[in-house]
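Have a look at the structure below, then the notes.
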Amino acid sequence: MTGVSTPLSPSDRTTVRRGRDRAITDRGAMHALLDDALVAHVGVIVGDHPVVLPVAFAVDLDGPDDGGSLYIHGSVAARWLVGASTSTVCVAVTEVDGLVAARSGFHHSMNYRSVVVIGAARLVTDDDERARALSLTVDHMVPGRSATLRDPTRKELAATSVLAVPLIEASMKVRAEGAIDEPSDVEAGVWAGVIPIRRTADAPVTNADSHNAVPDDVRARAADLA
Numbered sequence: 019m020t021g022v023s024t025p026l027s028p029s030d031r032t033t034v035r036r037g038r039d040r041a042i043t044d045r046g047a048m049h050a051l052l053d054d055a056l057v058a059h060v061g062v063i064v065g066d067h068p069v070v071l072p073v074a075f076a077v078d079l080d081g082p083d084d085g086g087s088l089y090i091h092g093s094v095a096a097r098w099l100v101g102a103s104t105s106t107v108c109v110a111v112t113e114v115d116g117l118v119a120a121r122s123g124f125h126h127s128m129n130y131r132s133v134v135v136i137g138a139a140r141l142v143t144d145d146d147e148r149a150r151a152l153s154l155t156v157d158h159m160v161p162g163r164s165a166t167l168r169d170p171t172r173k174e175l176a177a178t179s180v181l182a183v184p185l186i187e188a189s190m191k192v193r194a195e196g197a198i199d200e201p202s203d204v205e206a207g208v209w210a211g212v213i214p215i216r217r218t219a220d221a222p223v224t225n226a227d228s229h230n231a232v233p234d235d236v237r238a239r240a241a242d243l244a
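With my numbering applied, the sequence shown corresponds to residues 19 to 244, in that order.
This is how it looks when you write it as structure tokens:
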């Protein structure tokens with residue numbers, strides 16, 4: 019495997035051109051965002067039109083793809099997934115950290131961390147890699163959870179497809195600052211600033227048909243997000 023330490027934007031397709039001052043070249047920063055985020059959006063052409071769908075995902079930096087592997091999964095019958103398995107896809111992950119209220123509508127913005135990955139999706143056919151990818155997806159939501167669950171059945175595995183996207187071709191942008199206004203608007207005295215946004219979790223809610231206490235892994239995840 020190569021590319022784990024390669025700077026971001028290694029290709030023309032992922033080179034940041036607008037807002038270059040916000041481009042991040044440290045691949046470790048991308049890894050940190052992918053570890054923190056919970057939802058990715060996958061863009062793929064289905065038939066004669068593009069489709070963008072939210073998906074759960076997982077990352078294996080030691081995966082077999084260049085730069086590591088980003089895994090997504092879905093039903094074997096899903097048209098978007100069938101199409102993605104033989105084409106180049108775009109995967110975007112974004113976390114909003116603040117709403118930037120400026121002194122003019124033009125300069126309103128958001129503070130954010132955003133990664134875009136472009137690459138040829140690969141259908142995962144190796145049984146061991148598929149099992150690892152699905153376990154990583156569960157553990158991405160609740161770390162350690164997969165080890166407490168039964169193994170997936172043959173029927174469940176047969177109904178699920180897993181795609182891997184190489185992480186080598188990627189870019190990242192970050193905005194983390196206040197409003198940037200015209201000097202004349204600053205002098206006018208209108209308030210400007212940032213409304214910080216953070217993701218939080220409430221205490222776990224036990225299912226009505228659950229007979230056990232909240233397990234340690236779930237309790238720890240909720241506490242981590244609180």
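Each residue gets a CB set at the ideal place from its N, CA and C atoms; glycine is no exception.
Residue i versus residue j - alpha carbon distance
i, j, result
"Leu-243", "Arg-217", "7 angstroms"
"Asp-53", "Gly-85", "15 angstroms"
"His-229", "Arg-172", "27 angstroms"
"Val-192", "Val-111", "12 angstroms"
"Asp-145", "Val-94", "15 angstroms"
"His-91", "Val-180", "4 angstroms"
"Arg-97", "Val-70", "12 angstroms"
"Asp-66", "Cys-108", "17 angstroms"
Nonlocal neighbours in the same chain, by C-beta distance under 7 angstroms from residue i, ignoring five residues either side
i, result
"Ser-105", "Val-62, Ile-63, Ala-139"
"Ala-47", "Met-190"
"Thr-224", "Val-232"
"Val-204", "Arg-121"
CB of residue i within 7 angstroms of CB of residue j, strictly
i, j, result
"Leu-26", "Ser-189", "yes"
"Gly-162", "Asp-78", "no"
"Thr-32", "Ile-136", "yes"
"Asn-129", "Ala-55", "no"
Endpoints, the alpha helix (DSSP H) within which residue i is located
i, result
"Asp-115", "Unbroken run through Asp-115 is the beta strand (DSSP E), 106-119; no alpha helix (DSSP H)."
"Pro-201", "201-205"
"Gly-46", "45-54"
Delimiting residues of the beta strand (DSSP E) encompassing residue i
i, result
"Val-62", "58-64"
Other residues of its chain near residue i: CB distance less than 8 angstroms, five sequence neighbours each side excluded
i, result
"Ala-245", "Within the shown structure, residues of the chain are numbered from 19 to 244, placing residue 245 beyond reach of any answer."
"Pro-222", "Val-232, Val-236, Arg-237, Ala-240"
Within-7 angstroms CB hit, residue i to chain E
i, result
"Ala-244", "The structure shown contains no chain E; it holds only a single protein chain."
Close-in-space but distant-in-sequence residues of the same chain around residue i (CB under 6 angstroms, 5 per side omitted)
i, result
"Asp-83", "Ala-182, Pro-184"
"Arg-148", "Val-142, Val-180"
| Which ranges would you report for the beta strand (DSSP E) in the segment 119-173 if only whole runs of at least 3 residues count? | 127-138
| Whole alpha helix (DSSP H) runs in the segment 209-243 with 4 or more residues, listed along the chain? | 234-243
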